Amino acid sequence: MGLPDWLDPGTGNTRWLYVAVVLLATALVARWFDRRVTDSVVRRASTRTHALDGALVRAKKMNTAATVMASVARYAVVMLGILVAAFMAIGTPVNATLTGTVIVIVIAFVLQRVLIDMISGALLLFEGQLAVGDFVKTTQMDGLSGVVERIGLRSTTLRSFNGDQHVVLNGAMQGFSRVKNGWCDFDLELYVVDDADAVEAVEHVCERIRSFQQNFFLRGPRLVEQHRIEDRHVRHLRVRAIVPPTMEWLCEQALPQQLHAELGDLLVGTVQVFNLDERAFAQYRAAIVLPDRIEVRPARVTSRVEQELRERQATTTRRRGAASPSRR
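In this text, residue positions in the sequence shown follow this note's numbering: the first is 3, and each later residue adds one.
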């Protein structure tokens, strides 16, 4: 018993119905697979609170591989569905190889932007420049920044701390900065008078900030070092704090202002803020060669006022020299 005419794929009138069904099924399968993998990665990342460095690196690699495989599988399903639908729409070709080649060329021409993004994504993954969980700052798009939530062949998803989700095409990721370790650590150095009240004031500021602003710090400010300078009757103090990216102003502005207000006359000079990576600085020091001694050379560039005065003196001297023969 044969199929009805409206279900027979050999008839031209019903062929497009099968094409639509194949495309719809392809889209649904790809979407379902993508959601399952993405939700699984986000759930594992949210439950991972305290992990060792090695375990954290392995977890990042596993999450990155999962999102990449989801992207590859999604595009493979979509491309397979498009090819099946195209062959069904064309019908039985005279030369299957020629027809397949033409279809591939047409798809590549239409989706050339997609192919560029996919190649860029493959290079990013091959070189290991990004991983799920990294915090990155892009140099384009007004300095867009966020945590890498998902990496696909065509696009990368970033989520900022306010909850906004940003989808960046991999072809547009021409330059970005990856925050070291995912956080920013600061050292604040200050000099105070050699008095116990000054040290207590600094500890009071640190404790107050840890109590009222603990949600903004990854590790609240603490007094980690102090030593006396006997001949100058002052103490050198060092405070350390760790903040998430984009919250550097807490250590660069807010904390120094509160220390200034609390210490008052007990503070000698100003609060110095440092954000120095010891490893990067050590590599820089190893790459340069300093001379044994620095020669002090006379300054060749004078100030603008001194230069104008010299020009006026030279002009006056020339005028006097020109006027002296006429007087004679």
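Ideal placement from N, C-alpha and C gives every residue a C-beta, glycine not left out.
This one's a predicted model, so the numbers in the text were calculated from it and none came from an experiment.
Go to R287, then tell me how far its alpha helix (DSSP H) extends in each direction, as first and last residue.
-> Looking up residue 287 in the sequence shown gives position 285. Here the alpha helix (DSSP H) through R287 covers 280–289.
What did DSSP end up calling A243 once you bin it into helix, strand or coil?
-> The count along the sequence shown starts at 1 and reaches residue 243 at position 241. A243 carries a strand assignment under DSSP once its states are collapsed to helix, strand and coil.
Check Q131 in the structure and name its three-state DSSP category.
-> Taking the first residue of the sequence shown as 1, we reach residue 131 at position 129. Here Q131 sits in coil by DSSP.
May I ask you to list the residues that DSSP assigns as paired with C186?
-> The residue you call residue 186 lines up with position 184 of the sequence shown. V245, per the DSSP bridge assignment.
Run through DSSP, which three-state label would V170 get?
-> Locating residue 170 in the sequence shown gives position 168, where the first residue counts as 1. The answer is strand: DSSP assigns V170 an E or B state.
Look up G148 in the DSSP assignment and say whether it is helix, strand or coil.
-> Numbered from its first residue, the sequence shown carries residue 148 at position 146. G148 falls in the strand class under three-state DSSP.
Nearest-angstrom Cα separation, counted from S157 out to V170 | Within the sequence shown, the letter at position 168 stands for residue 170. Within the sequence shown, the letter at position 155 stands for residue 157. Note on geometry: alpha-carbon atoms of V170 and S157 lie some 5 Å from one another.
Proximity of L225 and I244 at Cβ, strictly below 7 Å | The sequence position of residue 225 within the sequence shown is 223, counting from 1. The sequence position of residue 244 within the sequence shown is 242, counting from 1. Taking the C-beta atoms as reference points, I244 is found no nearer than 7 Å to L225.
Could you please give the first and the last residue of the uninterrupted alpha helix (DSSP H) stretch that includes Q260?
-> Looking up residue 260 in the sequence shown gives position 258. Taken as a continuous stretch (DSSP letters only), the alpha helix (DSSP H) holding Q260 covers 257–265.
CB R240 to CB R230, shorter than 7 Å?
-> In the sequence shown, counting from the first residue as 1, residue 240 sits at position 238. In the sequence shown, counting from the first residue as 1, residue 230 sits at position 228. Their beta carbons are not under 7 Å apart, which means R240 does not touch R230 by this criterion.
Straight-line Cα distance separating Q142 from T319 = Residue 319 sits at position 317 when you count from the first residue of the sequence shown. Residue 142 sits at position 140 when you count from the first residue of the sequence shown. Computed Cα separation, rounded: 59 Å.
Give the straight-line distance between the Cα atoms of R212 and V204, rounded to the nearest whole angstrom.
-> If you number the sequence shown from 1, residue 212 lands on position 210. If you number the sequence shown from 1, residue 204 lands on position 202. Those two C-alpha atoms are separated by around 13 Å.
Along the beta strand (DSSP E) that carries E227, what are the first and last residues, could you check?
-> Your numbering for residue 227 matches position 225 in the sequence shown. Counting along the chain, the beta strand (DSSP E) containing E227 begins and ends at 221–231.
Using the C-alpha atoms, what's the distance from D166 back to A198?
-> As a working mapping, residue 198 is identified with position 196 in the sequence shown. As a working mapping, residue 166 is identified with position 164 in the sequence shown. Going from the Cα of A198 to the Cα of D166 covers about 47 Å.
Please check the pair L160 and V138, which I expect to be a contact at CB under 8 Å, by giving their CB distance rounded to whole angstroms.
-> Translated into the one-based positions of the sequence shown, residue 160 becomes position 158. Translated into the one-based positions of the sequence shown, residue 138 becomes position 136. Contact holds; Cβ gap of about 7 Å.
Could you check how far apart the C-beta atoms of L257 and L192 are, in whole angstroms? I think they sit under 8 Å.
-> Taking the sequence shown and counting its residues from 1, the one referred to as residue 257 is at position 255. Taking the sequence shown and counting its residues from 1, the one referred to as residue 192 is at position 190. The beta carbons of L257 and L192 sit about 11 Å from each other, so the pair does not count as a contact at 8 Å.
For T140 versus L146, is the C-beta distance shorter than 7 Å?
-> The residue labelled residue 140 in the question sits at position 138 within the sequence shown. The residue labelled residue 146 in the question sits at position 144 within the sequence shown. T140 is a Cβ neighbour of L146, given a cutoff of 7 Å.
Nearest-angstrom Cα separation, counted from F188 out to V275 | Start at 1 with the first residue of the sequence shown, and residue 275 comes out as number 273. Start at 1 with the first residue of the sequence shown, and residue 188 comes out as number 186. In this structure, the alpha-carbon of V275 lies about 7 Å from that of F188.
Which one or two residues does DSSP pair with L179 in a beta bridge?
-> Here residue 179 refers to the residue found at position 177 when the sequence shown is read from its first residue. In the sequence as presented, Leu is not what sits at residue 179; that position holds Ser. Answer is K139.
With distances taken Cα to Cα, identify the nearest neighbour of T248 among G222, G130, L269, V149.
-> Numbered from its first residue, the sequence shown carries residue 248 at position 246. Closest in C-alpha terms to T248, from the list G222, G130, L269, V149, comes V149.
Report the three-state DSSP secondary structure of E250 (helix, strand or coil).
-> Working through the sequence shown from its first residue, we reach residue 250 at position 248. In this structure, DSSP gives E250 a state outside helix and strand, which the three-state scheme calls coil.
Does DSSP put F214 in a helix, in a strand, or in coil?
-> Locating residue 214 in the sequence shown gives position 212, counting from the first residue. For F214, the three-state secondary structure derived from DSSP is helix.
If we ignore side chains and look at the alpha-carbon of each, how far apart do V181 and D267 end up?
-> Locating residue 181 in the sequence shown gives position 179, where the first residue counts as 1. Locating residue 267 in the sequence shown gives position 265, where the first residue counts as 1. Rounded to the nearest angstrom, the two C-alpha atoms are 37 Å apart.
What is the DSSP secondary structure of R237, counted as helix, strand or coil?
-> In the sequence shown, the residue the question calls residue 237 occupies position 235. When DSSP states are grouped into helix, strand and coil, R237 belongs to the strand group.
With respect to the beta strand (DSSP E) encompassing L155, which residues constitute its N-terminal and C-terminal limits?
-> Position 153 of the sequence shown, counting from 1, holds the residue named residue 155. No beta strand (DSSP E) holds L155; DSSP gives it neither H nor E.
Could you give the residue range of the beta strand (DSSP E) that holds F276?
-> In the sequence shown, counting from the first residue as 1, residue 276 sits at position 274. Counting along the chain, the beta strand (DSSP E) containing F276 begins and ends at 269–276.
Would you kindly work out how many angstroms separate the C-alpha atoms of A47 and F283, rounded to a whole number?
-> Position 45 of the sequence shown, counted from the start, is the residue given in the question as residue 47. Position 281 of the sequence shown, counted from the start, is the residue given in the question as residue 283. Bear in mind that the predicted position of A47 carries a pLDDT of just 49, short of 50, making it too unreliable to give a figure here.
Under 7 Å between the Cβ atoms of I118 and G173?
-> On the sequence shown, position 116 is the one that residue 118 refers to. On the sequence shown, position 171 is the one that residue 173 refers to. Annotated as proximal: I118 and G173, with beta-carbon spacing under 7 Å.
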